[in-house]
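**Student:** Below you will find the structure I want to go over with you.
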Amino acid sequence: MEQKEKIKFEIITPIEVIYSDLVDSVTLNTIDGQITAMPKHMPLISIIDIGEIILKKDNEKIYINSSSGIVEIKQRTIEDKENKITKIIILTDSAQKMDKFK
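Under my numbering, residue 222 is the last one in the sequence shown; the count climbs by one each step, no gaps.
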């Protein structure tokens with residue numbers, strides 16, 4: 121069975137990496153409106169707005185609250201393979217995974 125394509129997602133603050141893993145999609149608010157990035161999303165650099173980032177991974181949703189920051193979406197070649205993977209990096213001053221509030 122062929123593996124479903126994933127996105128390599130990272131959200132980074134000056135202090136720590138808040139989250140880094142493979143996910144199915146990323147929904148976030150930019151200053152121009154909400155976007156949902158899927159594998160093979162077009163390259164993009166944008167300013168993100170304060171709010172919630174929703175990651176979908178398999179059958180679960182992961183919620184992260186974030187201050188404003190910068191998002192970069194790009195296609196990157198995986199080492200030792202010819203395939204490309206979508207990579208999303210968010211740089212922000214502060215972020216918090218929601219399960220820490222439970």
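Ideal Cβ placement from N, Cα and C applies to all residues, glycine included.
Being a predicted model, the structure only gives us computed values, none of them experimental.
Do LEU148 and ILE131 have their C-beta atoms closer together than 7 Å?
**Tutor:** Not in contact: LEU148 and ILE131 (Cβ atoms no closer than 7 Å).
**Student:** From the DSSP output, which residues share a beta bridge with THR150?
**Tutor:** Beta bridge pairing from DSSP links THR150 with GLY153 and ILE168.
**Student:** What are the residues that DSSP puts in a beta bridge with ASN179?
**Tutor:** The partner list for ASN179 (beta bridge, DSSP) is empty, contrary to what the question assumes.
**Student:** THR212: which of LEU142, ASP141, GLU192 and HIS161 sits nearest, CA to CA?
**Tutor:** Comparing C-alpha distances from THR212 to each of LEU142, ASP141, GLU192 and HIS161 shows the shortest one belongs to GLU192.
**Student:** Which residue wins for smallest C-alpha separation from GLY153, given the options GLU172, ILE135, ASP141 and GLU136?
**Tutor:** Closest by alpha carbon: GLU172.
**Student:** Excluding the 5 residues flanking MET162 on each side, which residues of the same chain have their C-beta closer than 8 Å to its C-beta?
**Tutor:** ILE193
**Student:** From which residue to which residue does the beta strand (DSSP E) around THR212 run?
**Tutor:** 204 to 212
**Student:** Tell me whether the beta-carbon of LYS207 lies closer than 7 Å to the beta-carbon of LYS124.
**Tutor:** no
**Student:** How many whole angstroms separate the CB atoms of SER187 and ALA157, which I take to be in contact at a CB cut-off of 8 Å?
**Tutor:** With 8 Å as the limit, SER187 and ALA157 do not qualify as a contact, their Cβ atoms being about 19 Å apart.
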